[in-house]
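Here the structure is laid out as C-alpha cells; the discussion comes afterwards.
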Amino acid sequence: MSSDLTRRGFLGSAATVAILGSGATLAATPSEAGHAAQPRPKILGICCSPRKGKSTAAALSICLDAIKAFDGRIEVELIELAGRKIPGEVAAGIVLEPGERDDFPALVPKLSSPMVAGIILGTPVYFGNMSSLCKAFLDRWIVFHKDKLLANKVGGVLAVGGARNGGQELTIRSVQVALMSQQMIVVGDAPPTGHWGGTVWGGNPAVSTGSTPDIARDVEGIASVKNLGRRVAEMALRLHVTGPGNVIKPQ
Ligand SMILES: Cc1cc2nc3c(=O)[nH]c(=O)nc-3n(C[C@H](O)[C@H](O)[C@H](O)COP(=O)(O)O)c2cc1C
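Residue numbers 704 to 954, in the numbering used here, belong to the letters of the sequence shown in order.
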C-alpha cells in the first residue's frame, strides 16, 4: 500500500476523526510518525457488583490486564459501581426527592468520551440475570441513545456466578441486548473458549461469609475472560485506530 493510500485510509475513517475530536488534525500517518503519534484508545471495565473488590471486580481486572498484554497502546480503567447510588427510575422521567443522591451523571462524560473505544461490563449472576445495579445502570444509558453516543464502541460482557453453570451465559446475553440497543459492536470471547463472553465460576459463593471467592481456581473461566479482553481490544483497534486501511497491525 502506498503511503498516499495509507494516509487516505487513515484519515478517511470516521471513527478516527471521532476519536481525535472534530478539531483535531493529523500531522503524519502512523507509518510516518511512529506509534507515539497515534491516538490511544481506551477500554473501560465496569463492575456492576454491589460488592466492591470481590469476584466480579477480580475477573474484570484479569480481563483488563489481558488487554494491556495484548497491546500496550490501549489504556484501560476499572470503574466499580459498588457504593454508587444509581437510581434506575430516573431513566423513566421520575424526579428524585430533594437531596436524593444520584451518582450516574458524573459517569456520563467518562462513558461517552470519543477516546473510549470499548466498554466491558462485568456483573454477578443474580437468579440467572444481571444484578439490579447493572440493570439500573444500563437503563440510565437512555441518555446516550438519541444521539448515538455509544454507537460503534466495542462492547463485551463477563458474568460471575456462584455455580459453574449458574446462568452466566443467560446473563451475558441479557446485558448484550442492552449494548446492542445502543448500536455498540458486541463481541464475545475467542476460541478455544466459547463463545459469548467471560463465564466465571466464583466457587463457593461468599455471599454468606463475606469472603472473596477464589476465581483463579476456574481455569476455563479465566481463559474466557482473557479471550474476551483480547477480542474487545482487537476490534477496538480495528475500528478506532486502524480504520478501513488497517494500517496499524496489533502488536
Ligand atoms: C440475590 C443473589 C442471587 C444469586 N443468583 C445466582 C444464580 O442464579 N446463579 C449463580 O451461579 N450464582 C448466583 N448468586 C451468586 C453470585 O452470582 C456469586 O456469589 C458472585 O460471585 C457474586 O459476585 P461478587 O463476588 O462480585 O459480588 C446469587 C447471589 C445473590 C446475592
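Every residue gets a Cβ at the ideal spot worked out from N, C-alpha and C, and that includes glycine. In this text the structure is predicted, and so the values were computed from the model without any measurement.
Inset, instruction - For Glu963, count neighbouring C-beta atoms within 10 Å of its own C-beta (all shown protein chains included) and say buried if the count is 16 or more, exposed if not. - result: As displayed, the chain neither begins before 704 nor continues past 954, which places residue 963 out of reach and without an answer.
Inset, instruction - Check whether the Cβ of Gly869 sits closer than 6 Å to any heavy atom of ligand 1, and report yes or no. - result: One-based indexing of the sequence shown puts residue 869 at position 166. Within the cutoff, so yes.
Inset, instruction - Identify, in the order they occur along the chain, each residue of the same chain with its Cβ nearer than 7 Å to the Cβ of Ser705, setting aside the five sequence neighbours on each side. - result: Along the sequence shown, one-based indexing puts residue 705 at 2. Bear in mind that the predicted position of Ser705 carries a pLDDT of just 32, short of 50, making it unreliable; the figure below should be weighed with that in mind. Taken in chain order, the list of residues that qualify is empty.
Legend entry - C-alpha distance - Gly859 paired with Asp892, whole-angstrom precision: As a working mapping, residue 859 is identified with position 156 in the sequence shown. As a working mapping, residue 892 is identified with position 189 in the sequence shown. One C-alpha to the other measures close to 8 Å.
Legend entry - Uninterrupted beta strand (DSSP E) stretches inside the segment 794-847 (no shorter than 3 residues): 819-827
Legend entry - Coarse secondary structure for Val890, derived from DSSP in three states: Locating residue 890 in the sequence shown gives position 187, where the first residue counts as 1. Here DSSP, grouped into helix, strand and coil, assigns Val890 to coil.
Inset, instruction - Output the distance between the C-alpha atoms of Ser877 and Glu800, rounded to the nearest integer angstrom. - result: Taking the sequence shown and counting its residues from 1, one reaches residue 877 at position 174. Taking the sequence shown and counting its residues from 1, one reaches residue 800 at position 97. So the two alpha carbons sit approximately 30 Å from each other.
Legend entry - First through last residue of the beta strand (DSSP E) which encompasses Gly865: Stepping through the sequence shown from its first residue, residue 865 is reached at position 162. No beta strand (DSSP E) holds Gly865; DSSP gives it neither H nor E.
Legend entry - Closest by C-alpha distance to Lys755, when choosing among Leu781, Leu747, Asp768: Counting from 1 along the sequence shown, the entry for residue 755 is found at position 52. Among Leu781, Leu747, Asp768, the Cα nearest to that of Lys755 is on Leu781.
Inset, instruction - Can you have a look at Pro808 and say buried or exposed, based on whether 16 or more other CB atoms are within 10 angstroms of its CB? - result: Position 105 of the sequence shown, counted from the first residue, corresponds to residue 808. So Pro808 counts as exposed.
Inset, instruction - Give the secondary structure of Ile777 by DSSP, where H, G and I count as helix, E and B as strand, and everything else as coil. - result: Position 74 of the sequence shown holds residue 777. Here Ile777 sits in coil by DSSP.
Inset, instruction - Would you kindly work out how many angstroms separate the C-alpha atoms of Pro827 and Leu767, rounded to a whole number? - result: Counted from its first residue, the sequence shown places residue 827 at position 124. Counted from its first residue, the sequence shown places residue 767 at position 64. Our two residues, Pro827 and Leu767, have alpha carbons roughly 17 Å apart in a direct line.
Legend entry - DSSP state of Ile789 mapped onto helix, strand, coil: Numbered from 1 along the sequence shown, position 86 holds the residue referred to as residue 789. In the structure shown, Ile789 sits in coil (DSSP, three-state: anything other than H, G, I, E or B).
Inset, instruction - Identify every residue that forms a DSSP beta bridge with Leu747. - result: Here residue 747 refers to the residue found at position 44 of the sequence shown. Bridge partners of Leu747: Glu780, Ile822.
Legend entry - Boundaries of the beta strand (DSSP E) in which Val903 is found, first to last residue: Translated into positions along the sequence shown, residue 903 becomes position 200. Taken as a continuous stretch (DSSP letters only), the beta strand (DSSP E) holding Val903 covers 901-904.
Legend entry - Selected residue, minimal CA-CA separation from Val857, among Val819, Gly869, Asn868, Ile888: For the purposes of this step, residue 857 is taken as residue 154 along the sequence shown, with counting starting at 1. Ranking Val819, Gly869, Asn868, Ile888 by Cα distance to Val857 puts Ile888 first.
Inset, instruction - Flag this pair as yes or no: are the beta carbons of Ser758 and Val863 separated by less than 7 Å? - result: By 1-based counting over the sequence shown, the position of residue 758 is 55. By 1-based counting over the sequence shown, the position of residue 863 is 160. A contact, by the Cβ cut-off of 7 Å.
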